[in-house]
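Take a look at the structure below.
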Amino acid sequence: MPVVQLGNPAPTERGVLMPGGPTITEVVVPDSHSIDQAVRDIAYVDPTGGGNSGLWASHSDVPAPSWVSCPDDPDLQAALAARYGCPAGRPAQ
């Protein structure tokens with residue numbers, strides 16, 4: 157199963173900003189998911205605000221991650237980076 161890492165500059169838990177600053181949000185994508193399905197599960201934003209948004213909206217107070225990494229699936233990494241308009245690959249530390 158591919159593991160996606162998302163640079164999270166403003167992590168939240170149950171809608172409350174978490175102390176401690178930037179972190180990494182990690183997502184394990186089932187092998188049965190297509191790239192489109194994985195991107196939707198992670199990046200979808202419910203236009204009605206009804207709480208049916210994807211994983212990212214539930215874990216961050218900003219609209220996009222600062223970077224995305226998925227060495228297990230470079231195509232998924234590229235699709236998420238394109239969707240969010242952020243760099244692909246984990247930055248050097």
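When we follow the numbering used here, the leftmost residue of the sequence shown carries the number 157, and every step to the right adds one. Every residue gets a Cβ at the ideal spot worked out from N, C-alpha and C, and that includes glycine.
Identity of the residue in His215, Ser225 and Pro247 nearest Thr168 by Cα: His215
In this structure, does DSSP put Ala213 in helix, strand or coil? helix
How many Å lie between Ile198 and Thr179 at the Cα? 17 angstroms
Beta-carbon spacing of Leu162, Leu236 below 9 angstroms: yes
Alpha-carbon spacing of Asp217 relative to Leu211, whole angstroms: 12 angstroms
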